[in-house]
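Under the working numbering, residues 234 to 519 are what the sequence shown spells out, in order. Beta carbons: idealized from backbone N, C-alpha and C, even for Gly. Computed from a predicted model, the values in this text were never measured in an experiment.
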Amino acid sequence: MRDFRDAKVMAQTLREALSSTRSVSLTVSESLELVAKMLGLADWNVLAARIRSAEQTGPDRNNEAGRAADGSDQPGSKAKEIQLPQATLDRYAGTYQFHGAVFTVTRDNDHLSARLTGQGSVAYYAVSETEFVARDIEVAFRFTLGPDGIPTAVILHQHGNDHTMQRIDAGAAQELQRAIETRMSSRSANPGSAAALRRLVESLAAGQPNYGEMSAALAELTRKQLPRLQPGLADMGPITSIEFLGVGAQGQDVYSVWHQGGAASHWHIALGSDGTIISAFVTAGP
234 MRDFRDAKVM
244 AQTLREALSS
254 TRSVSLTVSE
264 SLELVAKMLG
274 LADWNVLAAR
284 IRSAEQTGPD
294 RNNEAGRAAD
304 GSDQPGSKAK
314 EIQLPQATLD
324 RYAGTYQFHG
334 AVFTVTRDND
344 HLSARLTGQG
354 SVAYYAVSET
364 EFVARDIEVA
374 FRFTLGPDGI
384 PTAVILHQHG
394 NDHTMQRIDA
404 GAAQELQRAI
414 ETRMSSRSAN
424 PGSAAALRRL
434 VESLAAGQPN
444 YGEMSAALAE
454 LTRKQLPRLQ
464 PGLADMGPIT
474 SIEFLGVGAQ
484 GQDVYSVWHQ
494 GGAASHWHIA
504 LGSDGTIISA
514 FVTAGP
């Protein structure tokens, strides 16, 4: 019997079944989100974190490990939770920009909850005046405060990487949300994203990324991850075609990149207004 660790296989089975029997087309990311919800979890990020936790603990741990990680390697997991005044939490509540998406922070009684566009809400608990951690997934964030105590930005820490998100007002947040919804409904790719993706994949496979085409944050991440990315992409061989699948929940263009021999890699990419790649990540292909 399959369990939560078979989520990717389950998602692929779901896509194939709906396509063949109902003529319903789902992207890989959409099917993964559905499987996460069928397993009673908020979204794929939460499910992926629990899969990683189960893999790290090894095959001899029982299914209890899948429902709740022991938290020993979570950011801030050794820090003691503290109680902050509700007035402080209210100052932190607001909207912050994550590339072309919105990170929304709200007060939920004695703690904060936060959600990224298209994802479920996660509860975060204070471990210092400005630092908060999630209990069940390996995510933390800290606020950068202005002289008045109001945050100017929030820095999200996940998978060993930091992402700085500037505070924006409600009007700007609504504009970002509307832009994503419009592109998702029209299935319109950002002009230039396919060409930028081809250059990115080819340069990574060659071990010579063009960091000048990336934002500073993405360039830093790429330098760290290149030793892991390059061998796998090189082994897949030259690109034969790139297929646009749609627009992801955070506004990234989603593509399948097909390689010589039939292998595929599945990419999400987002460009800034100047054409710079501000976000890109790869998952197993469809």
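For the beta strand (DSSP E) containing Gly479, name the first residue and the last one.
Taken as a continuous stretch (DSSP letters only), the beta strand (DSSP E) holding Gly479 covers 472 to 480.
What three-state label does DSSP hand Asp486 in the structure shown?
DSSP places Asp486 in strand when its eight states are reduced to three.
Between His390, Glu408, Arg340, Ala320, which has its C-alpha nearest Leu333's C-alpha?
The residue asked about is misnamed: residue 333 is Gly in this sequence, not Leu. Of the candidates His390, Glu408, Arg340, Ala320, the one whose C-alpha sits nearest the C-alpha of Gly333 is Glu408.
Could you check if Asp507 is buried or exposed, using at least 16 other CB atoms within 10 Å of its CB as the buried criterion?
Exposed is the call here.
Among Glu476, Val480, Gly393, Asn423, whose alpha-carbon lies nearest the alpha-carbon of Ala450?
For the residues Glu476, Val480, Gly393, Asn423, the minimum Cα distance to Ala450 belongs to Gly393.
How would you write the range of the beta strand (DSSP E) that Gly327 sits in, first residue to last?
Segment 327 to 331, the beta strand (DSSP E) holding Gly327.
From the DSSP output, which residues share a beta bridge with Asn394?
Paired residues: Gln391.
Taking only three categories from DSSP, how would you classify Pro318?
Coil at Pro318, not helix or strand.
Would you call the segment 447 to 461 and the segment 316 to 324 touching, i.e. three or more CB-CB distances under 8 Å?
No: the two stretches stay apart, fewer than three of their Cβ pairs being nearer than 8 Å.
Applying the 10 Å Cβ sphere with the 16-neighbour rule, what's the burial state of Ser383?
The sequence given here places Ile at residue 383; Ser does not occur at that position. Exposed: under 16 other Cβ atoms inside 10 Å.
When we look at the beta-carbon of Gln493 and count the other beta-carbons within 10 Å, is it buried (16 or more) or exposed?
Per the 10 Å Cβ criterion, exposed.
I want to see whether chain D comes within less than 8 Å of Leu478, judged by CB atoms only; does it?
Here chain D cannot be found, since the structure has a single protein chain.
How is Thr460 classed by DSSP in three states: helix, strand or coil?
The identity of residue 460 in the sequence shown is Pro, whereas the question assumes Thr. Looking at Pro460 - three-state DSSP - the assignment turns out to be helix.
Taking the C-alpha atoms as reference points, what is the distance between Gly379 and Glu362?
In a straight line, the C-alpha of Gly379 is about 14 Å away from that of Glu362.
Can you give me the C-alpha to C-alpha distance between Glu435 and Gln458, rounded to a whole angstrom?
Cα to Cα, the separation comes out at about 15 Å.
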